[in-house]
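Engineer: Sending over a structure as structure tokens; questions will come in a sec.
Numbering (the UniProt record's numbering), first residue to last: 1 to 356.
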């Protein structure tokens, strides 16, 4: 699939790839690790392959300015539009697959991990039911997969954790098909934006410190609801159709208050299409995003050194009170350190290892 999307702006290039051998001449495949019963329900044997991609990027959650974040969302949306034009559907839009590339002329968002991408068919029905990461699945996909899970035994269901999120596979043959359309990927990108605006409270991956994730809207979309996807679907329906104009303001971190108007424009588009039983037009999302970008002022990225970050990490690992940590000057004002950034691996507490 990387060959199909080669040349699309904001898609990384395949530099090299090779199959992993466990010994000379013997390729590593999943059938070596599965029982005969599991092999019978597998749709395909998977091969262990390593790839080298270019260029490199940083996770979208490591944005340095809010403008960088919006630019990344805009560029990922553009990728979805351009790849649909050549007949390819990504099917796994998430924060884990969205990167920011640093270029001489600025930054550019990238969409990676095309492992589960498919060539678009006339019916847009697919039997490969790896359909994305649960918190970012569209309302339609959640409904279809929930129905499939009711028909499949638990032995055909596989759940894979990705931090606070999880993805799901359904095996057991080709009798289950799901309809996945470009609008589903656009809706996933909307949930990526909401995820970041709600969970984070600053640049460079700084999460909200007084935030109860489990009881939040994100918690209702995440691992706590893995066993009941219908509840995730119902939560998203309620979120999308909520008639209150300030629905987003009550969820979004104060740091992102100036991005609420953009999120509300996206939300209004999805709300209108859901209520009218239509599919969202990706170009309309791109248009409002471009207009919003045109109104954003340039920001100075935070200047935080690795030495300062290391000091912060060491003090956090000792669980010293916040008053013992000095502030740093960021964009002309003094504030607490916002992130661990790209710290080298060190002997930090388990809690910190999850942040680095």
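All C-beta atoms in this analysis are idealised placements derived from N, C-alpha and C, irrespective of residue type, glycine included.
All values derive from a computational prediction rather than experimental measurement.
(1) In whole angstroms, what separates the C-alpha of residue 72 from that of residue 238?
(2) With DSSP as the reference, label residue 266 as helix, strand or coil.
(3) Take residue 9 as the anchor and find which of 110, 29, 61 has the nearest alpha-carbon.
(4) Using only alpha-carbon positions, find the residue among 220, 249, 58, 184 that is nearest to residue 77.
(5) Indicate the three-state DSSP secondary structure (helix, strand or coil) for residue 279 in the structure shown.
(6) Going along the chain, which residues of its own chain have a beta-carbon closer than 7 Å to the beta-carbon of residue 377, five neighbours each way excluded?
(7) Please identify the residue among 148, 53, 120 whose C-alpha is closest to the C-alpha of residue 81.
(8) Here's the rule: buried if 16 or more other CB atoms are within 10 angstroms of the residue's CB, otherwise exposed. What is residue 122?
(9) Does DSSP classify residue 52 as helix, strand or coil?
(10) Considering just the uninterrupted stretch of the alpha helix (DSSP H) at residue 195, what are its terminal residues?
(11) Skipping 5 residues on each side, what residues in its chain have a beta carbon closer than 7 Å to that of residue 140?
(12) Hey, would you say residue 192 sits closer than 7 Å to residue 95, going by beta carbons?
(13) Compute the Euclidean distance between the alpha carbons of residue 145 and residue 270, then round it to the nearest angstrom.
(14) Just mark residue 56 as buried or exposed, buried being the case when its beta carbon has 16 or more other beta carbons within 10 Å.
(15) Is the segment 286-298 touching the segment 228-235 in the sense that three or more CB pairs, one from each, lie closer than 8 Å?
(16) Return the residue from the list 62, 220, 33, 24 that minimises the CA-CA distance to residue 102.
(17) Please classify residue 103: does DSSP put it in a helix, a strand, or coil?
(18) So residue 92 and residue 113 are in contact, right, with Cβ under 8 Å, and what is the actual spacing, rounded?
(19) In whole angstroms, what is the alpha-carbon distance linking residue 198 and residue 24?
(20) In chain order, which continuous runs of the alpha helix (DSSP H) of length 4 or greater are located wholly inside the segment 52-90?
(21) Rank 281, 47, 54 by C-alpha distance to the C-alpha of residue 6 and give the top, closest one.
Structural biologist: On the basis of the supplied data:
(1) Going by the C-alpha atoms only, they are around 27 Å apart.
(2) In the three-state reduction of the DSSP assignment, residue 266 falls in the helix class.
(3) Comparing Cα positions, the closest option is 110.
(4) The option with the nearest alpha carbon to residue 77 is 184.
(5) When secondary structure is reduced to three states using DSSP, residue 279 falls in the coil class, being assigned neither helix nor strand.
(6) A query on residue 377 cannot be resolved here, the shown segment of the chain reaching from 1 to 356 and no further.
(7) Residue 120 is the option with its Cα nearest to residue 81.
(8) Result: exposed.
(9) In this structure, residue 52 counts as strand in the three-state DSSP scheme.
(10) That run of the alpha helix (DSSP H) goes 182-199.
(11) Taken in chain order, the residues that qualify are 184.
(12) For residue 192 and residue 95, yes; Cβs fall inside 7 Å.
(13) Taking the straight line from one Cα to the other gives about 21 Å.
(14) Residue 56 is classed as exposed because its beta carbon has fewer than 16 other beta carbons within 10 Å across all chains shown.
(15) Output reads no: the segment 286-298 does not touch the segment 228-235.
(16) It is 62 whose Cα lies nearest to the Cα of residue 102.
(17) Assigned with DSSP and collapsed to three states, residue 103 falls in strand.
(18) 6 Å between Cβ atoms; contact.
(19) Going by C-alpha positions, residue 198 is about 49 Å away from residue 24.
(20) Correct list: 66-85.
(21) Nearest option by C-alpha distance: 54.
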